[in-house]
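Read the structure below first, then the notes.
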Amino acid sequence: MDLTDLERLPGADDQNFEALTRAVVSRRYGALGRMRERRNQPGVEFYLSVDHVGALGDPGRVWGWSCKWFILNGKNQLTSRQRELIEDSLKLAVTHVKGLTDFVLCLPQRPAKSDEEWIDGLRQGTVKVKLWCVENFDAELAGHDELRATFFGELTLTPTALEHAHERSVAPVRLRWMPRLHTSTSAEHHIERALLRPAAFDWLQQRTDDVETRADALRVALSSLDSDSRVDASAVADDLDRFVAELKEIIDAGRSLRPGEVRERLANQQPPATSPRALKRLGSFVWIMGCCCADSYGSWVV
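Under our numbering, residue 363 is the last one in the sequence shown; the count climbs by one each step, no gaps.
Quick look at the structure:
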């Protein structure tokens, strides 16, 4: 296996490397504890707090994975700048990940022996430092052939592969094929969402923008309301702002290939506390907000 083959996948190389690492850890060790990931997580891409005895040790240990897409030189050596970035990540992880006990540095290529020795010596206090490179990923993927095939084999969906599949599907009707009349099917939408394609979140982005636009219009109208209605309307605007901010975090996590964070945020996400009926009671600004209603998922559509 050659981890640099990730370069042929769509998207940024470093994000694909992070996605592979996250998928491996989730499949191999997800049942042992709770995985946490956040945008711009200091020091590590994600971490796992161990709740059950297993391959990651006893409960209480906290493992963090830091992915560095470093393509090494001809001598397989880390540059001084790359070493600085590794040290900075370790320091940030120790500072910001509460209870961190194990720091796993993930590299797409195995560095020279001198660099491995340097990495082994990075231990800070009780925090151990481990190296994952191609041999480690190969071993971690053992028994997970579908995951290996998704990133490196026949299940890899690249733009080229999808284009070839499309050409085969329309070949029998080539003379009647009219691209401008093509309509996306539900199966296509399901695939887009399963692959966390950025476009799969466009529908949620559009509805989020709709709610934000009406919340902004509501704030503009506050000065024209009587004092009692202004207090109620201000509370509604604050509630919608909170809801919009949470939806934006979900969209960002999905588009950035952080499924664990998406699941966590969805589990904790609360719909607007203000009901459509309460909005109607305010009367003075119903015309601004339009006819708002909650859909089956608790989000708002207009």
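We put the CB at the ideal spot given by N, CA and C, even for glycine.
Keep in mind it's a predicted model, so treat the numbers as computed, not measured.
Assignment of W130 by DSSP, reduced to helix, strand and coil, places it in the coil class. Assigned with DSSP and collapsed to three states, G72 falls in coil, not helix or strand. With respect to the C-alpha of V297, the residue from E207, L283, D181 having the closest C-alpha is L283. In this structure, DSSP gives G94 an extended state, which the three-state scheme calls strand. Leaving aside the five residues that flank P333 on each side, the residues in its chain whose CB is nearer than 7 Å to its CB run, in chain order, D300, L301, F304, W361. DSSP places V190 inside the beta strand (DSSP E), whose first and last residues are 189-193.
With respect to V123, G160 sits close: the two C-beta atoms are nearer than 8 Å. By the C-beta density criterion, D287 is exposed, having fewer than 16 other C-beta atoms within 10 angstroms. Inclusion of A314 and E322 in the CB contact set at 8 Å is warranted, their separation being smaller than that value. One Cα belongs to N101, the other to M239, and the distance between them is close to 44 Å. DSSP places V305 inside the alpha helix (DSSP H), whose first and last residues are 288-316. Across the set A116, V111, N77, G118, the C-alpha of N77 shows the shortest separation from the C-alpha of K129.
For L327, the uninterrupted alpha helix (DSSP H) segment begins and ends at 320-329. A residue is called buried once 16 or more other Cβ atoms fall within 10 Å of its Cβ, and W264, having fewer, is exposed. Under the three-state reduction of DSSP output, V272 falls in the helix class.
The three-state secondary structure of L109, taken from DSSP, is strand. Rounded to whole angstroms, the Cβ separation of F164 and V195 is 19 Å, and the two are not in contact under 8 Å. Rounded to the nearest whole angstrom, the CA to CA distance from R275 to Q331 is 19 Å. In the three-state reduction of the DSSP assignment, V165 falls in the strand class, which pools E and B.
Contact between S127 and V111 is absent: CB atoms are separated by about 18 Å, not below the 8 Å threshold. In this chain, the alpha helix (DSSP H) harbouring S150 covers 141-157.
In this structure, F262 is the residue among T269, R326, F262 with its C-alpha nearest to the C-alpha of R316. Below 8 Å, enough C-beta pairs join the segment 132-150 and the segment 170-178 to call them touching: three or more. If you check the CB distance, P169 and L64 come in under 8 Å. S245 counts as exposed, since fewer than 16 other beta carbons sit within 10 angstroms of its beta carbon.
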